[in-house]
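Novice: Just dropping this structure here.
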Amino acid sequence: MKRTRRAFINLAAGAAALPAVSRLARADTYPSRPVRIVTGYPAGTAPDIMARLLAQPLSERLGQQFIVENRPGATNNVGTEVVAHAPPDGYTLLLTVSANAINESLYDNLKFDFSRDLAPVAGFASTAFVFVANPGFPAKTVSDLIAYAKANPGKVNLATNGIGTGAHVAAVMLMMMTETEMTIVPYKSNYFADLLGGQVQVADPPMAGVAEYLKDGKLRALAVTTPKRASALPDVATVADAVPGFSAAGWFGISVPMGTAADIVEKLAAAIVSIASDASFQSRVTTLGAEPMPMTTPQFAKFVADETEKWAKVVKFANIKAD
Numbered sequence: 123m124k125r126t127r128r129a130f131i132n133l134a135a136g137a138a139a140l141p142a143v144s145r146l147a148r149a150d151t152y153p154s155r156p157v158r159i160v161t162g163y164p165a166g167t168a169p170d171i172m173a174r175l176l177a178q179p180l181s182e183r184l185g186q187q188f189i190v191e192n193r194p195g196a197t198n199n200v201g202t203e204v205v206a207h208a209p210p211d212g213y214t215l216l217l218t219v220s221a222n223a224i225n226e227s228l229y230d231n232l233k234f235d236f237s238r239d240l241a242p243v244a245g246f247a248s249t250a251f252v253f254v255a256n257p258g259f260p261a262k263t264v265s266d267l268i269a270y271a272k273a274n275p276g277k278v279n280l281a282t283n284g285i286g287t288g289a290h291v292a293a294v295m296l297m298m299m300t301e302t303e304m305t306i307v308p309y310k311s312n313y314f315a316d317l318l319g320g321q322v323q324v325a326d327p328p329m330a331g332v333a334e335y336l337k338d339g340k341l342r343a344l345a346v347t348t349p350k351r352a353s354a355l356p357d358v359a360t361v362a363d364a365v366p367g368f369s370a371a372g373w374f375g376i377s378v379p380m381g382t383a384a385d386i387v388e389k390l391a392a393a394i395v396s397i398a399s400d401a402s403f404q405s406r407v408t409t410l411g412a413e414p415m416p417m418t419t420p421q422f423a424k425f426v427a428d429e430t431e432k433w434a435k436v437v438k439f440a441n442i443k444a445d
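Using my numbering, the letters of the sequence shown correspond one by one to residues 123 to 445.
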């Protein structure tokens, strides 16, 4: 959104006014103590795993410990609030995810403003959602799913992992772009037992959470949600093959409190982009069912702004309300 772009420009302009000598001195000494990466999700979840995957090489490259701190709650909002209100000194980072872009328009009374209070630093990974079906469901492709939903409005039950999550808004966007009607069934806990049992026919989970079911033939992959085919599922078509322009993904990056000095942002961004471009890191990311996504600060700032704007349109169109 415009505020995100304006905030980033203001951050860069303010930093440019700092004396060059003090900026160089600070860049040389940062970090001088451990840095925490706050993630708004519990240990063992995909964001936590990705944060820890990044923290280790950051520690090695920058010579201080980067420690992952889990602050779960309110669909990532608790952790985001912690960082939004932290001192802008480079020692409290936010593991920024697609939920941040969605939550900006989904919640009305947050105690922070994501676009105003957080400054994007760099992106490093993304993961596709996968539309999957119970093998007993007749659709074998996403085109089949769309045709079936048009012929049977409201009769396809599609499971998601909660209102306003990335998977949920991706499913809503599919319905919006194809003028179809499916019944969204939000779950607060694991829905795979119902999906495997046929109580719900379709879902669009993150790739990492469904790989084993696809491998064992317990579920059928219809399409991945990213514009390009996923490395982990090279034989599975994209939704965009049937619905041009469709694009949805979970993604991971780092942000800092607004007002963090540009030299610190630059040092962090250079390290993150270098790590995300490294072959060994990329191999580990791909093993987890994700894709490397090295993005510089300007690239990531634009990406986050575009994502925030895109999901705001979907939330408004479907009148989605947070739980």
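No residue lacks a Cβ here, since even glycine has one placed at the ideal position from N, Cα and C. Computed from a predicted structure; not experimentally measured.
Less than 8 Å between the beta carbons of LEU184 and ASN256, yes or no?
Specialist: Stepping through the sequence shown from its first residue, residue 184 is reached at position 62. Stepping through the sequence shown from its first residue, residue 256 is reached at position 134. Against a cut-off of 8 Å, the Cβ pair of ASN256 and LEU184 comes out as no contact.
Novice: When burial is assigned at 16 or more other CB atoms within 10 Å of the CB, is HIS290 buried or exposed?
Specialist: Translated into positions along the sequence shown, residue 290 becomes position 168. Burial is judged here by how many other beta carbons sit within 10 angstroms of a residue's own beta carbon; HIS290 has at least 16 and is buried.
Novice: Count the other CB atoms within 10 Å of the CB of GLU413; is the residue buried (16 or more) or exposed (fewer)?
Specialist: As a position in the sequence shown, residue 413 is number 291, starting the count at 1. Under this definition GLU413 is a buried residue.
Novice: Please classify THR287 as buried or exposed, where buried requires at least 16 neighbouring CB atoms within 10 angstroms.
Specialist: Reading the sequence shown from its first residue, position 165 is the one you call residue 287. THR287 comes out buried.
Novice: Does the pairing of the stretch 264 to 284 with the stretch 404 to 420 give three or more beta-carbon distances under 8 Å?
Specialist: no
Novice: Can you give me the C-alpha to C-alpha distance between SER227 and MET295, rounded to a whole angstrom?
Specialist: Taking the first residue of the sequence shown as 1, we reach residue 227 at position 105. Taking the first residue of the sequence shown as 1, we reach residue 295 at position 173. One C-alpha to the other measures close to 15 Å.
Novice: Tell me, which residues are paired with ALA244 by DSSP?
Specialist: If you number the sequence shown from 1, residue 244 lands on position 122. Residue pairing by DSSP places ALA244 opposite ILE376 in a beta bridge.
Novice: Taking its Cβ as the centre, do 16 or more other Cβ atoms sit within 10 Å of PHE253, making it buried, or is it exposed?
Specialist: Indexing the sequence shown from 1 puts residue 253 at position 131. Buried.
Novice: If you draw a straight line from the C-alpha of MET297 to the C-alpha of MET172, how long is it?
Specialist: In the sequence shown, counting from the first residue as 1, residue 297 sits at position 175. In the sequence shown, counting from the first residue as 1, residue 172 sits at position 50. Roughly 30 Å separates the two Cα atoms.
Novice: Counting only runs that start and end within the stretch 203 to 281, where is the beta strand (DSSP E) found for 3 or more residues in a row?
Specialist: With a minimum length of 3 residues, the continuous beta strand (DSSP E) runs that stay inside the stretch 203 to 281 are 214 to 219, 240 to 250 and 252 to 255.
Novice: Run through DSSP, which three-state label would GLU452 get?
Specialist: Nothing about residue 452 can be reported from this structure: the residues present for the chain run from 123 to 445 only.
Novice: Taking only the alpha-carbon atoms, compute the straight-line gap between PRO260 and ALA269 and give it to the nearest angstrom.
Specialist: Looking up residue 260 in the sequence shown gives position 138. Looking up residue 269 in the sequence shown gives position 147. Taking the Cα positions, PRO260 is about 11 Å away from ALA269.
Novice: Buried or exposed for ALA529, please, with buried defined as at least 16 other CB atoms from any protein chain shown within 10 angstroms of its CB.
Specialist: This structure does not reach residue 529, given that the chain is present from 123 up to 445, and the question cannot be answered.
Novice: For ARG155, which of helix, strand or coil comes out of DSSP?
Specialist: Against the sequence shown, residue 155 aligns to sequence position 33. The answer is coil: DSSP assigns ARG155 none of H, G, I, E or B.
Novice: Under 8 Å, do ALA208 and THR214 count as touching if we go by C-beta distance?
Specialist: Numbered from its first residue, the sequence shown carries residue 208 at position 86. Numbered from its first residue, the sequence shown carries residue 214 at position 92. Yes, the pair counts as a contact, with Cβ atoms nearer than the cut-off.
Novice: Where GLU182 and THR197 are concerned, what is the direct C-alpha to C-alpha distance, given to the nearest angstrom?
Specialist: Here the question's residue 182 lines up with position 60 in the sequence shown. Here the question's residue 197 lines up with position 75 in the sequence shown. Looking at the two C-alpha atoms, the distance is approximately 31 Å.
Novice: Determine which residues share a DSSP beta bridge with ALA423 and list them.
Specialist: In the sequence shown, the residue the question calls residue 423 occupies position 301. Checking the DSSP bridge columns, you'll see ALA423 has no partner listed.
Novice: Does the beta-carbon of PRO164 have 16 or more other beta-carbons within 10 angstroms, so that it is buried, or is it exposed?
Specialist: Within the sequence shown, residue 164 is the residue found at index 42, counting from 1. Exposed is the call here.
Novice: Would you mind giving the Cβ-Cβ distance between GLY460 and THR347, rounded to the nearest angstrom? I have them listed as a contact below 8 Å.
Specialist: Past the edges of the chain, shown from 123 to 445, lies residue 460, and the structure says nothing about it.
Novice: With a Cβ-Cβ cutoff of 8 Å, do PHE188 and LEU175 count as a contact?
Specialist: The residue you call residue 188 lines up with position 66 of the sequence shown. The residue you call residue 175 lines up with position 53 of the sequence shown. Contact flag unset, no.
Novice: Starting from the Cα of ALA345, find the closest Cα among GLU191, LEU216, ALA362 and ALA330 and give me that residue.
Specialist: For the purposes of this step, residue 345 is taken as the residue at position 223 of the sequence shown. Ranked by how close their Cα comes to the Cα of ALA345, the residues GLU191, LEU216, ALA362 and ALA330 have ALA362 in first place.
Novice: Tell me the rounded alpha-carbon separation between ASN441 and VAL190.
Specialist: For the purposes of this step, residue 441 is identified with residue 319 of the sequence shown, where counting begins at 1. For the purposes of this step, residue 190 is identified with residue 68 of the sequence shown, where counting begins at 1. ASN441 and VAL190: Cα-Cα distance of roughly 35 Å.
Novice: Near PRO156, what residues of its chain come up, given a Cβ to Cβ distance below 6 Å and the 5 sequence neighbours on each side ignored?
Specialist: For this step, residue 156 is matched to residue 34 along the sequence shown. Apart from sequence neighbours up to five positions away, the residues of its chain that approach PRO156 with a beta-carbon distance below 6 Å are GLN186, GLN187 and ILE189, ordered along the chain.
Novice: Put VAL346 into one of helix, strand or coil per three-state DSSP.
Specialist: Residue numbering aside, residue 346 sits at position 224 when the sequence shown is read from its first letter. Looking at VAL346 - three-state DSSP - the assignment turns out to be strand.
Novice: Are at least three pairs of beta-carbons, each pair with one atom in the stretch 234 to 246 and one in the stretch 322 to 332, less than 8 Å apart?
Specialist: no
Novice: Looking at the secondary structure, which residues open and close the alpha helix (DSSP H) in which ILE189 lies?
Specialist: Position 67 of the sequence shown, counted from the first residue, corresponds to residue 189. Taken as a continuous stretch (DSSP letters only), ILE189 belongs to no alpha helix (DSSP H), being part of the beta strand (DSSP E) at 188 to 192.
Novice: Just reading off the beta strand (DSSP E) that MET172 is part of, what are its end residues?
Specialist: Here the question's residue 172 lines up with position 50 in the sequence shown. Run containing MET172: none in the beta strand (DSSP E); it sits in the alpha helix (DSSP H), 168 to 184.
Novice: How many whole angstroms separate the CB atoms of SER237 and THR430, which I take to be in contact at a CB cut-off of 8 Å?
Specialist: As a working note, residue 237 is residue 115 in the sequence shown. As a working note, residue 430 is residue 308 in the sequence shown. With a Cβ gap of about 7 Å, SER237 and THR430 count as contacting.
Novice: Could you pull out every residue in the same chain whose Cβ sits closer than 6 Å to the Cβ of ASN342, ignoring the five residues on either side in sequence?
Specialist: Mapped onto the sequence shown, residue 342 falls at position 220. In the sequence on display, residue 342 carries Arg and not Asn. ALA255 and PRO257, listed in sequence order.
Novice: Might you give, ordered along the chain, the residues of its own chain that have their beta carbon closer than 8 Å to the beta carbon of THR418, omitting 5 neighbours on each side?
Specialist: Position 296 of the sequence shown, counted from the first residue, corresponds to residue 418. Counting only Cβ-Cβ distances below 8 Å, and skipping sequence neighbours, we find ALA244, ALA391 and VAL395.
Novice: Would you report the Cα separation of ALA139 and VAL160, rounded to the nearest angstrom?
Specialist: Along the sequence shown, read from residue 1 onward, the residue named residue 139 stands at position 17. Along the sequence shown, read from residue 1 onward, the residue named residue 160 stands at position 38. Interpretation of ALA139 is limited by its pLDDT of 49, a score under 50 that renders its predicted location unreliable; no figure is taken from the coordinates.
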